[in-house]
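In my numbering, the protein residues as written are 221 to 1041.
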Amino acid sequence: MKIKSLILTAAFTATAFAASGETRLEQGRWAIVNADDNTLDISFDGKEAILDAYAEATYRIAGTTATGYINTSAMTPKSVSIVGMEDEIGAGKALTRVYSDGTATLTQTLSLYDNSSFFIAQATVSADADGAVIESNHIVALATATRTQLPAGTSHRMLKVPFDNDGHGRYEVYDFSSEMTSHEVACVFDATTRFGFVAGSVDHDKWKSGIKVKGSYKRFIESFELLSGYTSQLTRDFDWQTNTVIPHGYVRGDKAESARYLVGFFDDWRNGLETFAETCAAIAPPAPWDGGNPMGWSTWGVMMDHVNTPAVKETAQWIKDNLYDLGFHDKNGQTVVSLDSFCDGWGMTSAEISQLGNKFLGKGTYTEGRVKKEGLDMRLGLYGGMVIWDWTFDSEVAGTGVGGAPSYKWGDALLRYDGRPHYLFNGGQYCAIDPTHPAFALNMEATLKRWAAYNIKYIKMDFINAGICEGDSWYDPEVTTGVMAYNYGMKIIYDLAVKYDMYIVESMAPLFPYRWAHGRRSCCDRFSELGESEYVMNAMTWGWWTDRLYSVNDPDQLVLHKDGYKQGETEGENRVRVTTGLCTGAFIIGDSFSDKCVYKSSGNGHTQGDVVAYPEASKARALKMFGNADINAYVREHTGSFRPVDGGSFTGSQQAAYIYMRDTPAHLYVAVFNFSKYLSRNGSITFESIGIEPSNIKEIKELWTGETVTPKTTTFDYSVPMADVRVFRISKALAGVDDIAVDKAVKPSVSAVISGNECVVSASAEMASISIYDLSGRCVAKAGGINHVQAVVGVNVQKGVYIVSVTMGDGSRLSERIAAR
221 MKIKSLILTA
231 AFTATAFAAS
241 GETRLEQGRW
251 AIVNADDNTL
261 DISFDGKEAI
271 LDAYAEATYR
281 IAGTTATGYI
291 NTSAMTPKSV
301 SIVGMEDEIG
311 AGKALTRVYS
321 DGTATLTQTL
331 SLYDNSSFFI
341 AQATVSADAD
351 GAVIESNHIV
361 ALATATRTQL
371 PAGTSHRMLK
381 VPFDNDGHGR
391 YEVYDFSSEM
401 TSHEVACVFD
411 ATTRFGFVAG
421 SVDHDKWKSG
431 IKVKGSYKRF
441 IESFELLSGY
451 TSQLTRDFDW
461 QTNTVIPHGY
471 VRGDKAESAR
481 YLVGFFDDWR
491 NGLETFAETC
501 AAIAPPAPWD
511 GGNPMGWSTW
521 GVMMDHVNTP
531 AVKETAQWIK
541 DNLYDLGFHD
551 KNGQTVVSLD
561 SFCDGWGMTS
571 AEISQLGNKF
581 LGKGTYTEGR
591 VKKEGLDMRL
601 GLYGGMVIWD
611 WTFDSEVAGT
621 GVGGAPSYKW
631 GDALLRYDGR
641 PHYLFNGGQY
651 CAIDPTHPAF
661 ALNMEATLKR
671 WAAYNIKYIK
681 MDFINAGICE
691 GDSWYDPEVT
701 TGVMAYNYGM
711 KIIYDLAVKY
721 DMYIVESMAP
731 LFPYRWAHGR
741 RSCCDRFSEL
751 GESEYVMNAM
761 TWGWWTDRLY
771 SVNDPDQLVL
781 HKDGYKQGET
791 EGENRVRVTT
801 GLCTGAFIIG
811 DSFSDKCVYK
821 SSGNGHTQGD
831 VVAYPEASKA
841 RALKMFGNAD
851 INAYVREHTG
861 SFRPVDGGSF
871 TGSQQAAYIY
881 MRDTPAHLYV
891 AVFNFSKYLS
901 RNGSITFESI
911 GIEPSNIKEI
921 KELWTGETVT
931 PKTTTFDYSV
941 PMADVRVFRI
951 SKALAGVDDI
961 AVDKAVKPSV
971 SAVISGNECV
981 VSASAEMASI
991 SIYDLSGRCV
1001 AKAGGINHVQ
1011 AVVGVNVQKG
1021 VYIVSVTMGD
1031 GSRLSERIAA
1041 R
């Protein structure tokens, strides 16, 4: 399917049918049959996929208290129609079923796209009376309670995606004899065959979605449901006083539409999740960012609440003097100094931060006393959030009561449930905020304006999941759900950040909506230990595809020697932690490189005035870990996350895989982790499993040891010591975007054209394999084992220029530059 940037919805042709009789829609690989008994059956590639499908909704008419309920399986449709359509996703046909209970109408729409592996489901409820306003907080776009058998396989599993990265939650994978509710998207897959079923919401403007799946006997889907209006303790919608779930807010208007849901079957579950993310991005484009992966340092890794200005300066100077020339900087030659919590107004004064940003870390010369000095030319960062702490209820909100604006206290901006402040965690201190309250906008405007004066270019926004909770009501009456409020508040932050040219990284935050930040912590508060690194890679095993939603996935600060850990981390554990950054995206050090950072009080085995952590030991390790030119070059030159090679290499429901890959035009990178402290990990990797032809391998180099690996005919071997990692860089015989371009081709004996979701490739002789790259170097599609002069490769690309690289049967390589229109 060809994803388009923006096309307004349009209907071209329509065929209406009476309520009785069979209605059949066939489009591409899909067939939908609305039978004369009102059952709805869906098949894919001629095989039953979803049987007895239905939609449902609860509703009420504004001004009344009675709740209505419509379920399509218990009613006869007023009409069934087939409509030609084209939207942001592509062109195709839609089957629409309309039901009414006399008070409200429920419309279910299934949209099929040309030659696509997925369809889109949506349900809409509207009032039958003219001018009536309808309200709903529960709409199921598609569901079934009829057993469906999955394709043959021996290791079917279910993936549960977390709502946010708070509470130390993980992505979880379940044996297919249980049930779960995943947040926004779910995946059922076979770890051996890689077949996958993916279902997820592609709209994130109003609803929290739950994808409910129940499996049995390791091969049957007993039921599943696509629900708009899902809340739980894990969405932070829980009343700790009454131990009850807070209900979802109501969507209201002349109609209430569910989110749209992608439902698809894929030969490779990884392609399915990537397609889901790319479809979301086609509908709501991510925040643009062309600055590459941030590389730098954060105070939160070790200094924390002991931070002070001399220690920050000394650490920044050491990084500049010792790591910069080893390649530790971003693609623009910049490094970040991120001042985290306990800096702005706590451990550092406003004057000190201003001097840091405008002079010490600035570009050019400045005067300190009578001495002229050269700025370090680094980017300063600061810390903020979208949250209310309970000790600030009576504190005045900065930015209010100025210039004629009203004065507010933080308690005025609380989002309440049942009239009470809503705490996100039992016993916690942070509360839900109403981002639509004027106090929030005034505070953000004043704060970011002040930060801009400090020359801040990097901001970490923390605890922003406090802005997505459900509550009694919001200040803006047009906002009626937590997701609507979150979008409202994050747009304020994003617009200000764009105005002041600031990079935004989200910390404690929901995964969706995604469009208001450049980066997001894949998980939070992870430091140096082996288990913490495994936790980070759990998020990459199952969430690598979020690099289509955020420009940068962020592994949190990379710490080599954690405070209080007594330098217990081995070099192998350090390599593992640093490699989590390589595989994820951002590269932010967390150690202290200054003996000027000292404890402000005594306790926990230390005395006031003692040096925090182990600066000298951290310096020695940092030279080894962050001075590796090959590792730094990858992070500097590439964005995007490594992809898991398979989904069957783990032994527990919450663990991480251990082999990951990242394909670029010049090189294929493979990372092999060993999270065991007791056993080494030895094995081999087939070239087929990582998608490269043996004839396209020029050299294999392990980047941590510098050793060259000799490949075998179809595999290469690895040996990873306990608690360590190896990163293999496979150099391709055909390397680099420029080398792939058509004007560098050996001879013009290959041609290609992209039409819809297919790339048709023809050559003058038999082809062995085809790879298609975008101009950033990302491989977007590939096919092997062709052995023919013509081939059709399935693609899922946006408009732009692409490079088709062909390995011929005799081993020669040809290429063609083409455009997708």
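Note that beta-carbon positions come from the ideal geometry of N, C-alpha and C, so glycine has one too.
Item, Value
"Beta carbon of Asn491 nearer than 8 Å to that of Asp550", "no"
"Proximity of Val892 and Val970 at Cβ, strictly below 8 Å", "no"
"Start-to-end residues for the alpha helix (DSSP H) that takes in Trp250", "No alpha helix (DSSP H) holds Trp250; the beta strand (DSSP E) holding it covers 250–254."
"C-alpha gap between Pro697 and Glu749, whole angstroms", "47 Å"
"Enclosing beta strand (DSSP E) for Trp517 [first to last residue]", "515–518"
"Nearest residue (CA-CA) to Asp334, options Thr327, Tyr279, Trp250, Leu581", "Trp250"
"Whole-number beta carbon distance between Ile281 and Ile354, since they are thought to touch under 8 Å", "6 Å"
"Sequence-distant residues of the same chain with beta carbon closer than 8 Å to Gly373, five excluded per side", "Asp410, Thr412, Thr413, Phe415, Arg439"
"Best match in Trp924, Lys952, Thr933 for proximity to Ser939 [C-alpha to C-alpha]", "Trp924"
"Proximity to Thr700 [Cα-Cα], best of Arg670, Lys680, Asp654, Asp745", "Asp654"
"Residue(s) in a DSSP beta bridge with Lys680", "Tyr603, Val725"
"N-terminal and C-terminal residue of the alpha helix (DSSP H) that Phe660 is part of", "658–673"
"Contained beta strand (DSSP E) runs [length at least 3] in the region 465–539, N- to C-terminal order", "471–473, 475–477, 481–486, 515–518"
"Three CB pairs or more closer than 8 Å across the region 458–466 and the region 535–544", "no"
"Own chain partners of Asn291 with C-beta closer than 7 Å, once the 5 adjacent residues on each side are dropped", "Tyr274, Glu276"
"Between the CA atoms of Val725 and Gly1029 - distance to the nearest angstrom", "47 Å"
"Local Cβ density within 10 Å of Leu644, reported as buried at 16 or more and exposed below that", "buried"
"Buried versus exposed call for Trp566 [16 or more other C-beta atoms within 10 Å across all chains shown]", "exposed"
"Status (buried if at least 16 other CB within 10 Å, exposed otherwise) for Ser771", "buried"
"Cα-Cα separation between Tyr819 and Val522, rounded to whole angstroms", "11 Å"
"Nonlocal neighbours in the same chain, by C-beta distance under 6 Å from Lys677, ignoring five residues either side", "Arg599, Met722"
"Residue from Tyr603, Ile503, Glu908, Leu576 whose Cα sits closest to the Cα of Glu308", "Ile503"
"Nonlocal neighbours in the same chain, by C-beta distance under 8 Å from Asp610, ignoring five residues either side", "Pro641, Tyr643, Gln649, Tyr650, Cys651"
"Identified DSSP bridge partners for Phe593", "Per the sequence shown, residue 593 should be read as Lys rather than Phe. Beta-bridge pairing links Lys593 to Tyr586."
"One or two residues paired with Tyr938 in a DSSP bridge", "Gly903"
"Coarse secondary structure for Gln247, derived from DSSP in three states", "strand"
"Nearest-angstrom Cα separation, counted from Gln1018 out to Asn773", "22 Å"
"Ile1023 versus Val981 - alpha carbon distance", "12 Å"
"Beta-carbon proximity of Thr495 to Phe264, cut-off 8 Å", "no"
"Range covered by the alpha helix (DSSP H) that runs through Met760", "750–763"
"Best match in Ser984, Thr368, Asn1016, Lys952 for proximity to Ser975 [C-alpha to C-alpha]", "Asn1016"
"Cβ neighbour criterion (16 or more within 10 Å) applied to Tyr898", "exposed"
"Cβ-Cβ distance between Leu454 and Trp765 below 8 Å", "no"
"Cα-Cα separation, Asp811 to Asn552", "23 Å"
"For Lys932 and Thr364, the rounded distance between their alpha carbons", "49 Å"
"Beta carbon of Ser518 nearer than 8 Å to that of Asp560", "yes"
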